[in-house]
Each structure stands twice: as structure tokens, then as C-alpha cells.
Amino acid sequence: MTTRRRFLGSAAAIGGLAAAGLPGLALGQEKGGAATAPAPEPGGHVLAPLPYAYDALEPHIDAETMMLHHDKHHAAYVKGLNAAELALAEARAKGDFANVAALEQQLAFHGSGHWNHVVFWNNMKPAGSGPASPGGPLGALIARDFGSFEAFRAQFQAAASKIEGNGWGALVYHPGLGRLYVVSILNHQNYQVTGSVPILLCDVWEHAYYLKYRNLRADYLTAWWNVVNWADAEARLLAARRS
Numbered sequence: 038m039t040t041r042r043r044f045l046g047s048a049a050a051i052g053g054l055a056a057a058g059l060p061g062l063a064l065g066q067e068k069g070g071a072a073t074a075p076a077p078e079p080g081g082h083v084l085a086p087l088p089y090a091y092d093a094l095e096p097h098i099d100a101e102t103m104m105l106h107h108d109k110h111h112a113a114y115v116k117g118l119n120a121a122e123l124a125l126a127e128a129r130a131k132g133d134f135a136n137v138a139a140l141e142q143q144l145a146f147h148g149s150g151h152w153n154h155v156v157f158w159n160n161m162k163p164a165g166s167g168p169a170s171p172g173g174p175l176g177a178l179i180a181r182d183f184g185s186f187e188a189f190r191a192q193f194q195a196a197a198s199k200i201e202g203n204g205w206g207a208l209v210y211h212p213g214l215g216r217l218y219v220v221s222i223l224n225h226q227n228y229q230v231t232g233s234v235p236i237l238l239c240d241v242w243e244h245a246y247y248l249k250y251r252n253l254r255a256d257y258l259t260a261w262w263n264v265v266n267w268a269d270a271e272a273r274l275l276a277a278r279r280s
């Protein structure tokens, strides 16, 4: 039952991303196609290139980390998602669901891992190429739901810093509840608010920062704020509100 709950929560989160209709995020848009592009066939997901050069986020995130993170780690999640989809399609064709629980768990893990990274890459931009804090609708909603940007940032940083093991710091918007929340996602898929849409994600798996920051996750998080793409985060909020 726990596995199924986690799967359903992850499926809701993935669906929320698709519904947002943002470049590279809607169904069938892993290569940046039009919002009306059809979904890929089972096992047909692809790894899109980064939206900037490997060294574009230096000195805050180094080029070697970006290359390994995208080309190796993210690629592995795409491969795992495709394998899980194909295995589930085969199980349906045969009417053999003996391993369905394990396959659904793999789908949730790799599917969420893939989509989290797509959001993460687009949530960042070279330092100095945009505002250092959000304005507009996102800034107003952060002030309403957290009291101030400073209070939000402190909560987000603390939540991401204190994740035991691997996970993601996340700012999410829930269309049904009408609020922003900060959540700590364990691995890629556990302990999300079902139905919420990721607005801003920070990867705190060690492969995201260990080459440069070693075990100093807090230092990585402090540096990460310099490359946050607030325009992208606001676009996700606006799309989620329309969904």
C-alpha cells in the first residue's frame, strides 16, 4: 500500500508538470516541441540538451559537475523510465502482473527523477542574467504564504539542508489548495503533496555538488541562489494557476 501511495503521489506530480505546458515540460516536449506535440510512445523518452553551456553556472556550479550530472545521472533516469514503461507495457500485453509493484516503483523513481531534472535545469540561469529575487505574481504569493522572501528563503534552505540522504528542496504550488508550500522530497518522489506542481527545485543528491563542495551542502545551497531563474519559476506558477 505504501508503494502504491508513493506511486500515485509521484504520478500526480508528473501530471502537474505536464499540465503546466512550459517549454520542454508538457507531454511530448522533452525535445522542446510544441505544446500540442503528442506524448512519446512507451519507452520513447529522450534526454534533451541543457539550456546553456556546461560552464554557464560557474563559479557557483562547476562545468564538470554539470556534465556528469546531466550526461550520466540524468541520462540514467531517462533510461530507467523507458525500461519501466516498456516492462509495464509487456506486462499488460501478457496479462502478467506478478512484478507490477516493483515496476510501478521503478516508474515512480525514474520518472520523477527525469522530470525533476528537467525542471531543475530550467530553474537555473547564468548568474547576473536576471533578478536576484522574485517580483510580480510569484513574489507577491511568496510574501503572502511565507511572510517575506527572506522567510521563504530561510525555510527552503533549512528544509533542503536537513534532508537525510538524497532528495530535493522544492517550492510547489497546489492549484486545489491555492497556496505555495516548501516540501522536502526524499529520493525523487517521496513525501510530495499530491496534486502539487513544482515551481522551484534544488537537487541535493550528492552528485549535484560533491565535486566542488564536498560534504558542505549548506555552502552549495547558498551558492545556488545566485543562479535561480525566477522568470522560469514564475512562468511555472502562472501555468499551474491556469491548469
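Here the working numbering = 1-based position in the sequence shown + 37. Every residue gets a Cβ at the ideal spot worked out from N, C-alpha and C, and that includes glycine.
When DSSP labels each residue in this structure, what does P174 get in the three-state scheme? Per DSSP, reduced to three states, the secondary structure at P174 is helical.
Nearest-angstrom Cα distance between A126 and P79? 7 Å
With DSSP collapsed to three states, give me the class of G65. Note on G65: pLDDT 36, under 50, position unreliable in the model; no value is reported.
Determine whether the beta carbon atoms of Q143 and A121 lie at a separation below 8 Å. yes
If you draw a straight line from the alpha carbon of G184 to that of S149, how long is it in whole angstroms? 30 Å
Buried or exposed, going by whether 16 or more other CB atoms sit within 10 Å of the CB of N252? exposed
Just tell me which of K131, K109, P96, G172 has its CA closest to the CA of L84. K109
Can you look up D240 in the DSSP assignment and give me helix, strand or coil? strand
Under the three-state reduction of DSSP, which class applies to I179: helix, strand or coil? Helix at I179.
With which residues is R216 paired in a DSSP beta bridge? H211
At what residues does the alpha helix (DSSP H) containing N159 begin and finish? Note, N159: alpha helix (DSSP H), 137-159.
Between which two residues does the alpha helix (DSSP H) holding K109 run? Per DSSP, K109 belongs to no alpha helix (DSSP H) and is neither H nor E.
Which residues in the same chain as G161 place their Cβ atom closer than 7 Å to its Cβ, once the five residues preceding and following it in sequence are excluded? Looking at the sequence shown, residue 161 is not Gly but Met. Only L94, V264, V265, N266 meet the Cβ criterion.
Can you tell me whether M103 is buried or exposed? The criterion is at least 16 other CB atoms within 10 Å of its CB, across all chains shown. buried
Could you name the residues that DSSP lists as bridge partners for I222? W205
With a 10 Å radius around its C-beta and 16 neighbouring C-beta atoms as the bar for buried, classify E141 as buried or exposed. buried
Helix, strand or coil for N119 per DSSP? helix
Between which two residues does the alpha helix (DSSP H) holding A196 run? 186-198
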